[in-house]
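Note sheet for the following structure.
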Amino acid sequence: MEYRLFIGGKFLAGSAVREVRTPYDGTVFATVHVGNAELLDEAVMAARRGFLAMRSLTRARRAEILLETRRRLLEEAEWFARVISSECGKPLREARIEVARGAGTLLFSANEALSLAGEEVPMDASAHGAGRMAMVTREPLGVIGAITPFNFPLNLSLHKIGPALAAGNAVVHKPASATPVSALELARLFAEAGLPEGGLNVVPGPGAELG
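When we follow the working numbering, the leftmost residue of the sequence shown carries the number 78, and every step to the right adds one.
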């Protein structure tokens, strides 16, 4: 299997191609395109464009996308478990548990998307504030950089990606070099679920070059 970078809603060729080998026996599980500084900059620019679309989505729509991604993940649960097991060497039983936990993380993120709201605060704790109200609003930050480890390649990625998308941000994800396949498969699910182009970008590659 061959996997490419995911930038701006499209799978693109990288600057090089590397093998992902299963820790069980060293056989090649997949080949993955990796990025460089130039491609990372391209991903950041795509995320900036994607942020304009993400912040304009209603909270309900963000939750819908997260829940649809969850539905698709559960539908492909066995495939994702086998990907996790193959690329990081986790026993299949534990990989299945990780997929279930990832589905839970998506559910929690969808719930948070719906609960993100501001508040009104009476200002009359001070005499000068009598008859006045303050309003607190929650706004997305912009582009979020997510760097994730190899040991829980799906769920720990979702710990960063899910809440960021729920709040209306865009994400550039740099997965661990040893376990990029689950991240790229996850990007596919988000795209199929209707995430705006540039909302999630995935750039595998060496940390020394990409950070």
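Built from N, CA and C at the ideal position, the CB exists for glycine as well.
Tell me whether N188 sits in a helix, a strand or coil according to DSSP, three-state version. Translated into positions along the sequence shown, residue 188 becomes position 111. When DSSP states are grouped into helix, strand and coil, N188 belongs to the helix group.
With distances taken from CA atoms, which of T182, E171, S162 and L277 is nearest V249? The residue given as residue 249 occupies position 172 in the sequence shown. Measuring from the Cα of V249, the nearest candidate turns out to be L277.
Please state whether DSSP places E274 in a helix, a strand or coil. On the sequence shown, residue 274 is found 197 positions in, with the first residue counted as 1. It is coil, neither helix nor strand.
Taking the CB atoms as reference points, tell me whether F106 and E164 lie closer together than 8 Å. In the sequence shown, residue 106 corresponds to position 29, counting from 1. In the sequence shown, residue 164 corresponds to position 87, counting from 1. Closer than 8 Å, so yes.
Could you check which residue in M122, A223, L242 and M212 has the C-alpha nearest to that of E189? Residue 189 sits at position 112 when you count from the first residue of the sequence shown. Measuring from the Cα of E189, the nearest candidate turns out to be L242.
Which residues does DSSP pair with H250 in a beta bridge? The residue labelled residue 250 in the question sits at position 173 within the sequence shown. In DSSP, H250 forms a bridge with A223 and V279.
Where do the N-terminal and C-terminal ends of the beta strand (DSSP E) with L89 fall, by residue? As a working note, residue 89 is residue 12 in the sequence shown. L89 -> beta strand (DSSP E) spans K87 to L89.
Could you tell me the distance, in whole angstroms, from the CA atom of T225 to the CA atom of L261? In the sequence shown, residue 225 corresponds to position 148, counting from 1. In the sequence shown, residue 261 corresponds to position 184, counting from 1. Cα to Cα, T225 sits roughly 13 Å from L261.
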